[in-house]
Structures are given as structure tokens and as C-alpha cells.
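S.K.: The following block contains the structure, expressed as C-alpha cells.
Number of protein chains: 2
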Amino acid sequence: MRRAKKTNAVRRSNCAVACTLDIIGDRWTLLIVRDLLLGPRYFDDFLKSPEGIATNILSARLSALCEQSLVEKTPDPSDRRRHTYQLSDRGRRLGKLVGAIAAWGVTNLPGTKIMSGLDPNRK
Amino acid sequence: MRRAKKTNAVRRSNCAVACTLDIIGDRWTLLIVRDLLLGPRYFDDFLKSPEGIATNILSARLSALCEQSLVEKTPDPSDRRRHTYQLSDRGRRLGKLVGAIAAWGVTNLPGTKIMSGLDPNRK
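Protein chains in written order, with my numbering: chain A, 1121 to 1243; chain B, 1121 to 1243.
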């Protein structure tokens, strides 16, 4: 009940586009989701992506994704001091959206390409 | 040639997702596109949308969209002191992307709805 109230309080409207952008409407969040669509990741793995995300931005965006139940953070079975990040079912459904963004980009922005393993026609 | 150089200079990578987010990765740009998918708009029309965009943000985002050739600004034939904004062909192709965002939102964010006239299955 409290959760629903909190969510409504920060909504700009009840438009599905606006509410989704409240979660993923920035330059970094969907790049983290893009990386996670290829499989679970350690924190350091994201830092190796070519865009060069800063650690404080990565940390903030991963926390927000976990709060939204889009990403799950779990201790690594082989080293419990480390954590792995993976998409929840809800987060994995962002794949279609990331695919639509990739498809628009590769069609309309010359010189761009779709990262290996990413399916722009994902359902 | 100069334009291509400029574009490459600000790209974070050649990933189609990253380059698209460099253009539309914020909380407002795709709400402007959402409104334009329903037809041409005057500047003041955007201010009536329920999210309450501020005039300075609207002005900056519209300018950026025009610079990217996603939106066309033309004098209104009935009053040439006013301008209308409409999507270019390239901008209209963002409709599928906005549709994917709307579809994710309405499925995964309780209490949200798809704005009347917006087609989440747009091709």
C-alpha cells in the first residue's frame, strides 16, 4: 500500500510512456539493461563497456534498477563477497524496448551498429 | 563532412542503443514525440500536456529535435508569426520506439494507460 502511494506520488501523469521514462529516461539506464540482456554481470563488467560509465553513475543506476525490481543483485556462489547482477523477469521484458531503440538507431544513425548478441526483434 | 565529424565526436560508442540514447535519452524528449505522433502542434500545445513541461525545457528539446532533423518547424500559414512543429519522416519512425515504451509501461506499471490515439503496435 505504501509502495503504491509512493509510486503515484512521483508520477508526472498516468501515461505509460511518461511513467516508463521516469524509470528509464536517461542516457545510462538502458545501456546497463543492454549489457544485462547478454547475461549476468559483475559490477566491474559494466565498467568495461565502451561508453565508459562512471562508477558513481553505475552504482546509482543499478540501485534504482534493483529498487524497481528490474534487476536482482545476488551474492556470487563462488565468492560471496562479490555480487552478480541479472535482469528480473520484469527487467527482461525491457528487451523488446531496447531492441526497438537499437533498430531505430541502426536505421537512422549512420555508422552505428547493433552490439553482438543483441536481438533488435526480441519479443 | 563537418557534420559527420561533429556527430562522431560526441558519440560515446558506435552502439546503436547508445547513440540513440544520446538523442532521446532523457525524461522529456519522447513525450514531445508522443504528442507529435498525434499531429502537428503549436509550442503552447505541448504546455497543456499533463506532465507540465517547463517552457525552457520544451524550447531546448524542440531545438535539439529540429537540429537532429526529427522535427520540422514551419510558419503557420494562417498566422506567419506562429510556428507549427511536426515530425519529419525520420522522427515519425520513432513511433515504433514510443509504442514499445508505452507497451512496456502499461504491462508493467500498474495504473498507467496508453494515451488516446497512440498505437503501441505501430510499425
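No residue lacks a Cβ here, since even glycine has one placed at the ideal position from N, Cα and C.
Residues of chain A with a CB under 7 Å from the CB of T1204 (chain B): which are they?
M.R.: Near T1204 (chain B) there are no residues of chain A at all, since even the closest Cβ is about 22 Å away, more than 7 Å.
S.K.: S1169 (chain A) and D1146 (chain A): beta carbons closer than 7 Å?
M.R.: The answer is no: Cβ separation not under 7 Å.
S.K.: Identify the residues that DSSP records as bridge partners of E1187 (chain A): which are they?
M.R.: Answer by DSSP bridge pairing: none, since E1187 (chain A) is not bridged.
S.K.: State the Cα-Cα distance for the pair K1126 (chain B) and I1234 (chain B), rounded to the nearest angstrom.
M.R.: Residue confidence is low: K1126 (chain B) scores 44 on pLDDT, short of 50, so the model does not pin down where it sits. Its coordinate-derived value is still stated next. Computed Cα separation, rounded: 37 Å.
S.K.: What are the start and end residues of the beta strand (DSSP E) that includes T1232 (chain A)?
M.R.: Per DSSP, T1232 (chain A) belongs to no beta strand (DSSP E) and is neither H nor E.
S.K.: Quick one: is G1219 (chain A) buried, meaning 16 or more other Cβ sit within 10 Å of its Cβ, or exposed?
M.R.: When all chains shown are included, G1219 (chain A) counts as buried.
S.K.: Among B:G1237, B:V1191 and B:L1150, whose alpha-carbon lies nearest the alpha-carbon of I1173 (chain B)?
M.R.: For the residues B:G1237, B:V1191 and B:L1150, the minimum Cα distance to I1173 (chain B) belongs to B:L1150.
S.K.: Tell me, please, whether the region 1130-1140 of chain B touches the region 1205-1224 of chain A by the rule of three or more beta-carbon pairs shorter than 8 Å.
M.R.: At 8 Å Cβ cutoff, the stretches touch.
S.K.: My understanding is that S1208 (chain B) touches S1189 (chain B), with C-beta atoms under 8 Å, so please give their C-beta distance in whole angstroms.
M.R.: 6 Å between Cβ atoms; contact.
S.K.: Name the residue from B:E1171, B:P1230, B:S1236 and B:L1182 whose alpha carbon lies nearest to the alpha carbon of G1211 (chain B).
M.R.: The shortest Cα separation from G1211 (chain B) among B:E1171, B:P1230, B:S1236 and B:L1182 belongs to B:L1182.
S.K.: I need the boundaries of the alpha helix (DSSP H) containing D1165 (chain B), first residue and last residue.
M.R.: F1163 to L1167 is the extent of the alpha helix (DSSP H) around D1165 (chain B).
S.K.: So, R1132 (chain A) versus E1171 (chain B), is the Cβ gap smaller than 7 Å?
M.R.: Yes.
S.K.: Leaving aside the five residues before and after D1239 (chain B) along the sequence, list all residues of the same chain whose C-beta is less than 8 Å from its C-beta, in chain order.
M.R.: Answer for D1239 (chain B): G1215 and G1219, listed in chain order.
S.K.: So with CB distances below 8 Å, who are the chain A contacts of L1182 (chain B)?
M.R.: Neighbours of L1182 (chain B) on chain A: none; closest Cβ ~17 Å, over 8 Å.
S.K.: Distance, Cα to Cα, P1195 (chain A) vs Q1206 (chain A)?
M.R.: Spanning the two alpha carbons is a distance of roughly 11 Å.
S.K.: From A1124 (chain B) to E1192 (chain A), what does the alpha carbon distance come to, in whole angstroms?
M.R.: Bear in mind that a pLDDT of 41 at A1124 (chain B), under 50, signals an unreliable position, so the number given afterwards is only what the model happens to contain. About 40 Å.
S.K.: At what residues does the beta strand (DSSP E) containing R1201 (chain A) begin and finish?
M.R.: D1199 to L1207 is the extent of the beta strand (DSSP E) around R1201 (chain A).
S.K.: Does chain A have any CB closer than 7 Å to the CB of R1212 (chain B)?
M.R.: Taking Cβ atoms only, chain A never reaches closer than 7 Å to R1212 (chain B), which makes this a no.
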